[in-house]
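Student: Here you go, one structure.
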Amino acid sequence: MSFDYKLLGRKIKEARESLLIEKDEIAKYLRCSVEEYEKIESGELNSIDGDTIIIISQVLEMDFR
1 MSFDYKLLGR KIKEARESLL IEKDEIAKYL RCSVEEYEKI ESGELNSIDG
51 DTIIIISQVL EMDFR
């Protein structure tokens, strides 16, 4: 069974936009470029480590289970 990174990215993007948080702010917390963060939101990455998901969850105050 494969993980749906596009669905996760869509949920992250919707949460970020609802909180009016800019991409560069989350990228700063992740210590990555905006371009790398955009790959998470678009589902282009086929692997995201748990720490990254935890940081995004904390910034967006959401649980992505």
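Residues in the sequence shown are numbered consecutively from 1, following UniProt numbering.
Every residue gets a Cβ at the ideal spot worked out from N, C-alpha and C, and that includes glycine.
Looking at L60 and Y5, is the spacing between their C-beta atoms short of 8 angstroms?
Tutor: Working through the sequence shown from its first residue, we reach residue 5 at position 5. Working through the sequence shown from its first residue, we reach residue 60 at position 60. Going by C-beta atoms, Y5 is not nearer than 8 angstroms to L60.
Student: Have a look at D63, R65, T52 and F3 and flag the residue whose alpha-carbon is nearest the alpha-carbon of F29.
Tutor: Here residue 29 is taken as the residue at index 29 of the sequence shown, counted from 1. The question names Phe, but residue 29 in the sequence shown is Tyr. Selected option, being the one with the closest Cα: T52.
Student: Could you have a look at I48 and say whether DSSP puts it in helix, strand or coil?
Tutor: Start at 1 with the first residue of the sequence shown, and residue 48 comes out as number 48. I48 falls in the coil class under three-state DSSP.
Student: Would you call G9 buried or exposed, if buried means 16 or more other Cβ atoms sit within 10 Å of its Cβ?
Tutor: Taking the sequence shown and counting its residues from 1, one reaches residue 9 at position 9. Under this definition G9 is a buried residue.
Student: For residue 66, name the three-state secondary structure that DSSP assigns.
Tutor: Outside the shown range of the chain (1 to 65) lies residue 66, about which nothing can therefore be said.
Student: Starting from I18, follow the alpha helix (DSSP H) in both directions and report where the run begins and ends.
Tutor: The residue you call residue 18 lines up with position 18 of the sequence shown. In the sequence as displayed, the identity of residue 18 is Ser instead of Ile. Per DSSP, S18 belongs to the alpha helix (DSSP H) from Y5 to S18.
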